[in-house]
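Novice:
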Amino acid sequence: MSERNVLDLLSSMIRFPSLSGEEDEICTYMQSYVDAAGIQTRRVGNSLYFWIGSGANKLLLASHLDVVPPSSGHPYPPFDAAEVNGRIYGRGASDAKASGAAMTSALLELAAEYWQPEDGQLIVALTECEETHYEHNGLRKLFKGHLPRPQAALIGEPTSLIPTIAQKGLLILRLDAKGKSAHAARHALGENAILKTAADIRHLSEITFERVHPILGPTSLNVTTIQGGTARNVIPDQCTIYLDIRSIPSYTHEEIVAKVREAVTSEVTVHSDRIVPVSTEASENIVDACMEALPGIEPVGSPTASDWIFLKDVPTVKIGPGHSELSHTAEECVDKSEVTRAVDFYKSAIKGYFEHCRQT
154 MSERNVLDLL SSMIRFPSLS GEEDEICTYM QSYVDAAGIQ TRRVGNSLYF WIGSGANKLL
214 LASHLDVVPP SSGHPYPPFD AAEVNGRIYG RGASDAKASG AAMTSALLEL AAEYWQPEDG
274 QLIVALTECE ETHYEHNGLR KLFKGHLPRP QAALIGEPTS LIPTIAQKGL LILRLDAKGK
334 SAHAARHALG ENAILKTAAD IRHLSEITFE RVHPILGPTS LNVTTIQGGT ARNVIPDQCT
394 IYLDIRSIPS YTHEEIVAKV REAVTSEVTV HSDRIVPVST EASENIVDAC MEALPGIEPV
454 GSPTASDWIF LKDVPTVKIG PGHSELSHTA EECVDKSEVT RAVDFYKSAI KGYFEHCRQT
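Here my numbering is used: position 225 in the sequence shown is 378, and no number is missing along the way.
1) Could you tell me which uninterrupted beta strand (DSSP E) segments, each at least 3 residues in length, are contained entirely in the stretch 239-304, listed from first to last along the chain?
2) Looking at the structure shown, is H424 part of a helix, part of a strand, or coil, going by DSSP?
3) Do I318 and T433 have their C-beta atoms closer together than 7 angstroms?
4) Let me confirm a value: T469 is counted as buried when at least 16 other C-beta atoms fall within 10 Å, else exposed. Which label applies?
5) Give the DSSP bridge partners of V387, in chain order.
6) H340: buried (16+ other C-beta within 10 angstroms of its C-beta) or exposed?
7) Specify whether the stretch 298-307 and the stretch 344-352 touch according to this definition: at least 3 beta carbon pairs, one from each stretch, less than 8 angstroms apart.
8) Rounded to whole angstroms, what is the Cα-Cα separation between I368 and H336?
9) Roughly how many angstroms lie between the CA atoms of S455 and I325, to the nearest whole one?
10) How about L275 and I503: are their beta carbons less than 7 angstroms apart?
11) Less than 8 angstroms between the CB atoms is what I'm expecting for H217 and E283, so what's the real figure, rounded?
12) With burial defined as no fewer than 16 other Cβ atoms inside 10 Å of the residue's Cβ, what is the status of E491: buried or exposed?
13) With L214 and L307 assumed to form a contact (beta carbons below 8 angstroms), what rounded beta-carbon distance in angstroms separates them?
14) Tell me, which residues are paired with F203 by DSSP?
15) Measuring alpha carbon to alpha carbon, tell me which residue in V429, D272 and D161 is nearest Q512.
16) With distance defined between alpha-carbon atoms, name the residue in V220, R355 and R240 nearest to Y229.
17) Within this structure, are the beta carbons of E176 and E310 separated by less than 7 angstroms?
18) Out of curiosity, what's the CA-to-CA distance linking L261 and W268?
19) Determine the closest residue to I401 out of E437, L279 and E363, with distance taken between C-alpha atoms.
20) What is the rounded straight-line gap between the Cα of D219 and the Cα of L172?
21) Quick check on this structure: which residue in V453, F498 and G322 has the alpha carbon closest to the alpha carbon of F463?
22) Could you check where the alpha helix (DSSP H) with Y347 kicks off and where it finishes?
23) In the DSSP output, which residue or residues are listed as bridge partners for R327?
24) Are the CB atoms of Y506 and A442 nearer to each other than 7 angstroms?
25) Assign I409 to one of two classes, buried (16 or more other C-beta atoms within 10 Å of its C-beta) or exposed (fewer than that).
26) On a CA-only basis, which of P222, N238, A189 and P316 is nearest G449? Give me that one, please.
27) Using a threshold of 7 angstroms, state whether the C-beta atoms of T393 and D329 are closer than that.
28) Alpha carbon to alpha carbon, how far is N438 from W204? Give it in angstroms, no decimals.
29) Measuring straight from C-alpha to C-alpha, what distance separates I360 and V417?
30) Relative to the C-alpha of H227, which candidate in E445, S185, E485 and Y202 has its C-alpha closest?
31) Can you tell me which of Q380, S459 and S403 puts its alpha carbon nearest to the alpha carbon of R427?
32) Give me, in chain order, the residues of the same chain whose beta-carbon lies closer than 7 angstroms to that of D188; leave out the 5 immediate sequence neighbours on both sides.
33) Using 7 angstroms as the threshold, is the C-beta distance between L527 and A305 below it?
34) Across which residues does DSSP place A319 in a beta bridge pair?
35) Once the 5 residues before and after H286 are set aside, which same chain residues still bring their CB inside 8 angstroms of it?
36) Quick check: what's the CA-CA separation for P452 versus V421?
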């Protein structure tokens, strides 16, 4: 297959405005595209998976079909897939249709070369609702009786084709301070909830997380929103802040919540703790395969979440073409050369993984 094939596929994918929950048309297109190559497919909702081989050792390559809405100020129409100066522009170009196109092309090229894993199965999954809906997340739904748990996985997200072997989690906490309202002219009769929150914020800044992950670094804690008071002349009787905490495998979310509760007087409520930190040991076969396919490149960690959270018990590497910093921006694009290199990388990593498994 020519280099142009994967680029044409990516351009076609970008032209579908597949916002989360609106992936029907792109899923239908991708199913027809893979069916035309003679590969068996299976669709669940607006998610699709397909495979070659039938052995017990299953390697999953997964990426998502949905995108976030366009931003303001796109230099080119966000769903036109404009090709300019060696790049393809558009919403989803980097996050994460380039990965999906490259993974699909890798499987189809291997099949066209009559390659199949020995005593194994290669599966590619292209899923819905990765960007927004946890309950409707496509990969999560596939694992509920449709797709077998793999022995290893590659998650297709923009990492500039650098292997990512650890990913931070996300813990969101709500802190509510209670006070007593009064006229501001008689402030001594009230109890100012905003001042209580100010003291709590100071105490939060003094929390230390001694354990540091060798790749991800430390846990981070940030106050991201604050809401309090009803009028300029009323002592506020309530104040609410939200904390965005990016966690590492060295701490459980329960440990972090306990640290916060110990530091503050506000009531602490867990708003969301479903995105757990994940990591893969460097000695795993899938990591070895990736490193051999990319000599001279060291693995890194990632502060951003992905569908890896649904594979926390599976040796996984997150890797794909595109720059993560461009995700969800008006300037989102991907280098065409990186997309074509991604196909070669995935093919090498796939073969390398099964060869490592055969030797161990």
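Note that CB positions come from ideal geometry on N, CA and C, so glycine has one too.
Specialist: According to the structure data:
1) 240-242 and 273-280
2) Taking the first residue of the sequence shown as position 1, residue 424 is located at position 271. If DSSP states are grouped into helix, strand and coil, H424 belongs with the strands.
3) Counting from 1 along the sequence shown, the entry for residue 318 is found at position 165. Counting from 1 along the sequence shown, the entry for residue 433 is found at position 280. Pairing I318 with T433 gives a Cβ-Cβ distance under 7 angstroms.
4) What you label residue 469 is simply residue 316 of the sequence shown in a count that begins at 1. By the 10 Å Cβ count, T469 comes out buried.
5) Sequence index remark: in the sequence shown, residue 387 carries index 234 (1-based). The partner list for V387 (beta bridge, DSSP) reads H336.
6) Residue mapping note: residue 340 aligns to position 187 of the sequence shown, counting from 1. Under this definition H340 is an exposed residue.
7) no
8) Along the sequence shown, one-based indexing puts residue 368 at 215. Along the sequence shown, one-based indexing puts residue 336 at 183. Their backbone Cα atoms lie some 52 angstroms apart in a straight line.
9) Counted from its first residue, the sequence shown places residue 455 at position 302. Counted from its first residue, the sequence shown places residue 325 at position 172. Cα to Cα, the separation comes out at about 18 angstroms.
10) Along the sequence shown, one-based indexing puts residue 275 at 122. Along the sequence shown, one-based indexing puts residue 503 at 350. Their beta carbons are under 7 angstroms apart, which means L275 touches I503 by this criterion.
11) As a first step, residue 217 must be located in the sequence shown, where it is residue number 64. As a first step, residue 283 must be located in the sequence shown, where it is residue number 130. Sure, about 4 angstroms apart at Cβ, within 8 angstroms.
12) Numbered from its first residue, the sequence shown carries residue 491 at position 338. So E491 ends up on the buried side.
13) If you number the sequence shown from 1, residue 214 lands on position 61. If you number the sequence shown from 1, residue 307 lands on position 154. About 5 angstroms separates the beta carbon of L214 from that of L307, a gap short enough to meet the 8 angstroms contact definition.
14) Here residue 203 refers to the residue found at position 50 when the sequence shown is read from its first residue. Beta-bridge annotation (DSSP): F203 is paired with T194 and V277.
15) Against the sequence shown, residue 512 aligns to sequence position 359. Nearest C-alpha to Q512: D272.
16) Residue mapping note: residue 229 aligns to position 76 of the sequence shown, counting from 1. The residue with the shortest Cα to Cα distance from Y229 is R240.
17) Residue numbering aside, residue 176 sits at position 23 when the sequence shown is read from its first letter. Residue numbering aside, residue 310 sits at position 157 when the sequence shown is read from its first letter. No; because the gap between Cβ atoms is not below 7 angstroms, this pair is not in contact.
18) Your numbering for residue 261 matches position 108 in the sequence shown. Your numbering for residue 268 matches position 115 in the sequence shown. Roughly 10 angstroms separates the two Cα atoms.
19) Within the sequence shown, residue 401 is the residue found at index 248, counting from 1. For the residues E437, L279 and E363, the minimum Cα distance to I401 belongs to E363.
20) The residue given as residue 219 occupies position 66 in the sequence shown. The residue given as residue 172 occupies position 19 in the sequence shown. For D219 and L172, the distance between alpha carbons rounds to 5 angstroms.
21) Counting from 1 along the sequence shown, the entry for residue 463 is found at position 310. Nearest C-alpha to F463: G322.
22) Indexing the sequence shown from 1 puts residue 347 at position 194. Before going on, a small fix: residue 347 reads as Ile here, not Tyr. A346 to L357 is the extent of the alpha helix (DSSP H) around I347.
23) Here residue 327 is taken as the residue at index 174 of the sequence shown, counted from 1. Partner(s): Y395 and T422.
24) Residue numbering aside, residue 506 sits at position 353 when the sequence shown is read from its first letter. Residue numbering aside, residue 442 sits at position 289 when the sequence shown is read from its first letter. Yes, the Cβ-Cβ distance between Y506 and A442 is below 7 angstroms.
25) Walking along the sequence shown from the start, residue 409 turns up at place 256. Classification of I409: buried, given that the 10 Å Cβ count is 16 or more.
26) To locate residue 449, count along the sequence shown from 1; it is residue 296. Nearest of P222, N238, A189 and P316 to G449, Cα basis: P316.
27) Taking the first residue of the sequence shown as 1, we reach residue 393 at position 240. Taking the first residue of the sequence shown as 1, we reach residue 329 at position 176. A Cβ-Cβ contact shorter than 7 angstroms links T393 with D329.
28) For the purposes of this step, residue 204 is taken as residue 51 along the sequence shown, with counting starting at 1. For the purposes of this step, residue 438 is taken as residue 285 along the sequence shown, with counting starting at 1. Answer to the nearest angstrom: the Cα atoms are 20 angstroms apart.
29) The count along the sequence shown starts at 1 and reaches residue 360 at position 207. The count along the sequence shown starts at 1 and reaches residue 417 at position 264. When rounded, the distance between both Cα atoms is 10 angstroms.
30) Along the sequence shown, one-based indexing puts residue 227 at 74. Cα-wise, what sits closest to H227 is E485.
31) As a first step, residue 427 must be located in the sequence shown, where it is residue number 274. The candidate whose alpha carbon is nearest that of R427 is S459.
32) What you label residue 188 is simply residue 35 of the sequence shown in a count that begins at 1. Around D188: T194.
33) The structure shown does not extend to residue 527, since the chain is modelled only from 154 through 513, so no value can be given for it.
34) Within the sequence shown, residue 319 is the residue found at index 166, counting from 1. A319 is bridged to S432 and G454.
35) Working through the sequence shown from its first residue, we reach residue 286 at position 133. S173 and G174, listed in sequence order.
36) On the sequence shown, residue 452 is found 299 positions in, with the first residue counted as 1. On the sequence shown, residue 421 is found 268 positions in, with the first residue counted as 1. Approximately 36 angstroms between the Cα atoms of the pair.
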